[in-house]
Each structure stands twice: as C-alpha cells, then as structure tokens.
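The sequence shown lines up with residues 1 to 479 when you count with UniProt numbering.
Using N, Cα and C, we set each Cβ at its ideal position, and we do this for glycine too.
Please read these numbers as outputs of a predicted model, since none were measured by experiment.
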Amino acid sequence: MILLVLLGSILISAVAIYQYREQSHDYHESRLERKEENIQTHIKRTLNGRQNTWEVKTENIPFIFKEEIYNIADIHKLQINLYDLEGGLLISSKAGFQNNVADKCLDTHIMNAISNTVQVKSDSEIAEHRFVAKHQENGETFQSSYTYITDNRSKPIAILNIPYLEKDDFLKKELEEFLTRMWYAFLFVLLMAIAIAFLLSKYITKSLKSISDIMNATRLERSNERIEIKDSTEEISTVVSAYNSMIDELEESAVQLAKSEREQAWREMAKQVAHEIKNPLTPMRLTVQNFQRKFDPTDENIHKKLDEYSKTLIQQIDTMSSIASAFSNFAKMPAQQKETLNVVQIVKLALDIFNEDYIVFKCDSEEIIAKFDRTQLIRVVTNLVKNAIQAMTEEKTPKIEILVSETEIDVLISVTDNGSGVSDESKDKVFEPKFTTKSSGMGLGLAMVKNIVETYNGSISFDSKDGEGTTFNVSFPKK
C-alpha cells in the first residue's frame, strides 16, 4: 500500500511537470503569434493611413516609422526591428540597437529560413513566410520571429523581427503551489496508508504470532499445548489443525520412545551388572573348588590356607557389594530435599575422607549459602574427587585442586587434576552410564553426578587436554 501511494504520487507529479512544460510551450507560441499578428495589423494601418505621406517602399520605411515604431512597441510591450529584404537593419524600437554592428544585418541562414519556411495561418488559411528562432541566454529562453511586411499588392517590402522573452514566473508559481498541495495530500495519504497497513498486518499476523509462540515452546520431553484460535481464516485453521494433529502424534511417539529407551537402558544396565557380578564369581568358584580338592584336616598349615581362602572370598564378596551399591545409587533418583547449608563447609566435610596430601582445597569465601541436599552434595564432590584420583599417572607429581566460588545467583565448584586427561574420542561419552576408561568400576559415577546436578537445575561441564589434565565445573542456583 505504501509503495502504491508513493508510485502514484511520483507519477502524478511527473505528469504535472510534463503538462506544465507543454502548457508553457504552447502558451508562449500562441502568445508570440498573437503579438506578431497585432503588430502586423498596426504596421499595415500605419503604412496605409492618411497620416503617411511617404510612398510605401523599402527605402522609406525608416521615415514612415521614425516616431510611430516607438508607439507600436510601447502599446504591445515588445521590441520591434525592421530589416530590408537583404537583411540590413532599417529601424528599431530599442535605443542603441542600431549602433550595434552585429545586429545591423541578419545571418544568411535566417534569410534562407524566412524565404524557405511557409506556414499556413489556422484562422485565415493564408500561407505566409515565417521563421522562429530560439536560443538560451543567462538561463532564459528567447524567441525571435521573422515575417515579411507587404504593401497593398502583397509585395514584401521589409522583414519584421520581434524578439520575445519567455517569462514563466506565474506558471512556475502555479506549478510550485500545485506540487506543494500535492506533497501535503501525499503525506496525508501516506500516513493513512501506514496506519491501515499497520492495522491490517497486526490483524493478519495476530493469529500467526500466537501460533509462532506456541510452536517455539514445543518440546519433545514434555506435554505441549494445543493451539486454540477463534475467528481465523481457512488457511490458518488448516495450519492449526495440522499442528494439533502433529502434537498428538508427537506426544504418543514421545511416550513410546521414552518407554522404549527406559526398557533398553535397563536391559543394558542389567547386562552390565550381570557381567560385573560374573567377574568375581569365577575366582570364588575356583577358590572353593581348589579348597575342596586340597582340604586335609591333618595338614599343619590348614589354618593358614583356610585364612588365605577366606580372604580371597571376602575380597570378591566386597567387589560384588560395591557393584550392587553403585547400581543402587545410580538407579535411585535423588529426592529434591533442599536445605539451607554452607557449601564451603559441606565440601570440606566431603574431603575429610581423603588422606592424599596432593588434594588442595580453595574457596573465595568461608561462607557460601545455598539450598541443596547435604547428602547429594557430598556424593557429587566425592565422586568428582575419586574420578580425579583415578586419573593420576606415575609420570608426574599428582595434584588435585578443588575451588568453591559464587556469583550473584549461582554456586560454582571446580575440580582440577593434572592426570591423564580425556581423549577426543571419549569426550562425548564421559557422562554416559557404564562408560569408563579404567580397568575396574562400572562407569556410573559421573553419570550419577550429572543426574544429581541437573535435578537441582544445575549444570556440569568439563575442559580436558589429553595427557595434561581435566577440570570439571559444576554450577547450581543458590535458591
């Protein structure tokens, strides 16, 4: 709409300017013709009047019009020049014009144009020799008409030259006034077009905005809102119906997918647990069979052998117990029992079970208050520190640094080690259950930490360089 208004206004302005130029051109041509015709009539009356005592011929023109040429020029408000048939100046109404050598004679091309140009008057349909020359001077347009003056027998006796200045002041003023009014009208229509376009676009896009907001809020992991729009167009109703059908199918697919993923995860976990339990069962079976085969009550070392067999069995049983505990801790979702606690104090408490002298604790403040479950926070810290200890290598002096800091809304805990680091191919699997690069363990520690932190609306990430070390960063809100 705005573009149409703009193009329409430009087109109207262009037509107006073109019309002005054509009108100005036609006006000056017709005005010059009228002036020329009136002057011709006035000159003929002077030649044929009773007051003229001179014979009407070329040589007597300066004497006949010696005084009358000024009266004619004053009446018609134009300069009048009379030339003989050879182009020589006879008399002029402009003072000093006869003294100008350049103006005393007409150019050859003008003389040829007068004799070769024949025009027919529209009112009398009489053919006459007439030539009009135009030229620009100081930014103004001048016209000069040349016609023959004839006697009673229609014989040419002189050439009448009328210089005419095209004055467009009043026409330009009218054009400027028209364009000014046009500008005001255009501005008014433009504002109306903007307002109407704005209201129409708001009306048209209102439904689309509602649909867009709901679509942007669509998530696979939660129940999504159906779109309910009243008084919508047929096209928008079709889009809404398609979206609602898609949401129904998406929710059904999400339920089936979640169920399938849970079943698959538990199957994988069951396989892993079964595999880990079978590992200690094999040496236990071999130990029992060996004890049964070599048991001799009379052997003087029987008590020593029995003690060795018992230690082997107890060690394998402890391994099975740790596997069961790890599986239980991972499967048990942490309850969101938030309590106000000093994070610095709880982290120090979690580090008390470690006796390694290369573990260094730092904090920005002795008191950082947040709402978190005490037990779960201890589990997070101990698992990260255990993971750091297990990453240590013999090639360099081990060092683990735990830093507790805060921002305005979050608590930050970082655990940095100078261990073996995480390889590039393993970075995407660090937080996956049962993934581990160690020879023992089920790989549930970091998965459990991620589960706990995300339950409390926090996040965990890490930066690692293979062979140089790793830093785990945990953040969770204070409230």
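Exercise for the section: Check residue 62 in the structure and name its three-state DSSP category. Expected result: Correct three-state label for residue 62: helix.
Problem - For residue 416, three-class secondary structure by DSSP - result: In the three-state DSSP reduction, residue 416 falls in the strand class (E or B).
Practice task
Buried or exposed for residue 383, please, with buried defined as at least 16 other CB atoms from any protein chain shown within 10 angstroms of its CB.
Solution key: It is buried - the Cβ of residue 383 has at least 16 other Cβ atoms within 10 Å.
Handout entry: Three-state secondary structure (DSSP) of residue 4
Key = Helix at residue 4.
Problem - Euclidean distance between Cα positions of residue 472 and residue 367 - result: If you take the alpha carbons of residue 472 and residue 367, they lie about 22 angstroms apart.
Exercise for the section: Keeping to the same chain, check which residues put their C-beta closer than 7 angstroms to that of residue 73; ignore five residues upstream and five downstream. Expected result: Around residue 73, the same chain offers 79, 80, 93 as residues with beta carbons nearer than 7 angstroms, after the five sequence neighbours per side are excluded.
Exercise for the section: Decide yes or no for the touch test of the region 399-411 against the region 354-373: beta carbon pairs closer than 8 angstroms, at least 3 of them. Expected result: Cβ pair count under 8 angstroms is three or more, so yes.
Handout entry: Close-in-space but distant-in-sequence residues of the same chain around residue 453 (CB under 7 angstroms, 5 per side omitted)
Key = Cβ neighbours of residue 453 beyond the five flanking positions: 380, 459, 460, 474, 476.
Problem - Proximity of residue 423 and residue 466 at Cβ, strictly below 8 angstroms - result: Cβ atoms of residue 423 and residue 466: closer than 8 angstroms.
Problem - Opposing strand residues paired with residue 355 [DSSP bridges] - result: Answer by DSSP bridge pairing: none, since residue 355 is not bridged.
Practice task
Return the CA-CA distance between residue 37 and residue 6, expressed in angstroms with no decimal places.
Solution key: Rounded to the nearest angstrom, the two C-alpha atoms are 46 angstroms apart.
Practice task
Say whether the region 336-354 touches the region 367-377, bearing in mind that this needs 3 or more beta-carbon pairs closer than 8 angstroms, one atom from each stretch.
Solution key: Below 8 angstroms, enough C-beta pairs join the region 336-354 and the region 367-377 to call them touching: three or more.
Exercise for the section: Check residue 445 in the structure and name its three-state DSSP category. Expected result: Here DSSP, grouped into helix, strand and coil, assigns residue 445 to helix.
Handout entry: Bridge partners - residue 477, DSSP secondary structure assignment
Key = In the DSSP assignment, the residues bridged to residue 477 are 410.
Handout entry: Start-to-end residues for the alpha helix (DSSP H) that takes in residue 340
Key = Following the DSSP letters along the chain, one finds residue 340 in no alpha helix (DSSP H) but inside the beta strand (DSSP E) bounded by residues 339-342.
Practice task
Starting from residue 143, trace the beta strand (DSSP E) both ways and give me its first and last residue.
Solution key: Per DSSP, residue 143 is one residue of the beta strand (DSSP E) stretching across 140-150.
Problem - Neighbourhood of residue 147 by C-beta, 6 angstroms cutoff - its chain only, sequence neighbours within 5 removed - result: Hits under 6 angstroms: 130, 160.
Practice task
Since I believe residue 144 is in contact with residue 158 (beta carbons under 8 angstroms), could you give me their beta-carbon distance rounded to a whole number of angstroms?
Solution key: The Cβ separation is near 16 angstroms, so there is no contact.
Exercise for the section: Measure the beta-carbon distance from residue 425 to residue 389 and round it to whole angstroms, keeping in mind my assumption that it falls under 8 angstroms. Expected result: Actually they do not touch by this definition, with Cβ atoms about 23 angstroms apart.
Handout entry: residue 20: CB within 7 angstroms of a non-hydrogen atom of the ligand ATP
Key = Of ligands this structure carries none, so the ligand ATP is not represented either.
Handout entry: Cα-Cα separation between residue 117 and residue 128, rounded to whole angstroms
Key = Rounded to the nearest whole angstrom, the C-alpha separation of residue 117 and residue 128 is 8 angstroms.
Exercise for the section: Spell out a yes or no on whether the region 174-193 and the region 2-22 are touching, meaning 3 or more CB-CB pairs, one atom from each, closer than 8 angstroms. Expected result: Contact holds: three or more Cβ-Cβ distances are below 8 angstroms.
Exercise for the section: State the DSSP-derived secondary structure class of residue 11, mapped to helix, strand or coil. Expected result: Residue 11 falls in the helix class under three-state DSSP.
Problem - Rounded straight-line distance, which links the Cα of residue 427 to that of residue 410 - result: For residue 410 and residue 427, the distance between alpha carbons rounds to 25 angstroms.
Exercise for the section: With distances taken Cα to Cα, identify the nearest neighbour of residue 164 among 83, 108, 29. Expected result: Closest in alpha carbon position to residue 164, among 83, 108, 29, is 29.
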